[in-house]
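Numbering (this note's numbering), first residue to last: 214 to 468. Ideal Cβ placement from N, Cα and C applies to all residues, glycine included. Predicted model, so just to flag it, every value in this text is computed and none were measured.
Take a look at the structure:
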């Protein structure tokens, strides 16, 4: 069906991508692997030094920009400037995210922290996508990738705001896909498990590497048909587990 799939030749050939959160973690790995595959990348992130180091590693990183995604009111202007400077831009990958691994009752965790997490993880991807949609609609074929999380489907006990932001991003992907069903803009959701990034330092075992997540995305982008949801690594089992034993799985994560 046109609403669920797209030809790979339309989605990967000669594409210029905007990748957020590119200064570290999943975003950095995706930016480098896209560039290694012959794509061009505009890299946005919060760390200017890391972005400069990233650009020095590949000629495919054609532009870097330090952007605070928490300042959502500035994103429309940044998007318009980016589209004007790079009229061939036709791919958008939302990788930026933060997580406060706390309980809601922990001291120091307040409204400001909740707001920052929701703005970066959820409001920023929504606003940046909205601002770029007129430009993406004008492309022959465009792709929007939203990096959600297995925690959108099986939330853990801690980091309630992060869980909620990723569940919201999943819902946004579904709604946006339906809105763009008859357009040339494809909406993909990348769903990784626990990944070994600076955000998860000191937590969890058997983490997947950012490179493995990036490889999973690039494999899908090279296929003759694109999947709407790209479950990565151990997360691939989650849909089946939630069907077979939903209460046990939810209890395991929430315990």
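Assuming residue i and residue j form a contact by the criterion Cβ under 8 angstroms, report the distance between their Cβ atoms to the nearest whole angstrom.
| i | j | result |
| --- | --- | --- |
| residue 360 | residue 307 | 6 angstroms |
| residue 410 | residue 237 | 7 angstroms |
| residue 160 | residue 242 | Shown here, the chain extends from 214 to 468; a query on residue 160 therefore has no answer. |
| residue 327 | residue 374 | 5 angstroms |
| residue 379 | residue 467 | With a Cβ gap of about 15 angstroms, residue 379 and residue 467 do not count as contacting. |
| residue 305 | residue 342 | 7 angstroms |
| residue 234 | residue 296 | Actually they are not in contact, since the Cβ atoms of residue 234 and residue 296 sit about 19 angstroms apart, beyond 8 angstroms. |
| residue 372 | residue 315 | 7 angstroms |
| residue 389 | residue 443 | Contact flag wrong, Cβ pair sits at about 16 angstroms. |
| residue 231 | residue 302 | 6 angstroms |
Per DSSP, residue i forms a beta bridge with which residues?
| i | result |
| --- | --- |
| residue 402 | 359, 442 |
| residue 253 | 229 |
| residue 258 | 279 |
Along the chain, where does the beta strand (DSSP E) that runs through residue i open and close?
| i | result |
| --- | --- |
| residue 274 | 274-279 |
| residue 305 | 302-307 |
Hey, quick one: how far does the alpha helix (DSSP H) through residue i stretch, first residue to last?
| i | result |
| --- | --- |
| residue 462 | 459-467 |
| residue 291 | 288-298 |
### Query
Where are the alpha helix (DSSP H) runs, 4 residues long or more, that stay fully inside the region 321-358, in chain order?
Entirely contained in the region 321-358, the alpha helix (DSSP H) runs reaching 4 residues are, in chain order, 324-331, 337-350.
### Message
Taking 8 angstroms as the cut-off, does the region 422-431 touch the region 378-398 (at least 3 CB pairs, one atom from each stretch)?
### Response
no
### Query
Hey, which unbroken runs of the beta strand (DSSP E) at 3 residues or more fall wholly within the region 373-432?
398-404
### Query
When the Cβ atoms of the region 239-258 are set against those of the region 270-282, are three or more pairs found closer than 8 angstroms?
yes
### Query
Should the region 288-299 be regarded as contacting the region 334-351, the criterion being three or more beta carbon pairs within less than 8 angstroms?
yes
### Query
Would you call the region 389-403 and the region 315-335 touching, i.e. three or more CB-CB distances under 8 angstroms?
Short answer: they don't touch.
### Task
Please confirm if the region 445-461 is in contact with the region 258-265, defined as three or more CB-CB distances below 8 angstroms between the two stretches.
Under the three-pair Cβ rule at 8 angstroms, the region 445-461 does not count as touching the region 258-265.
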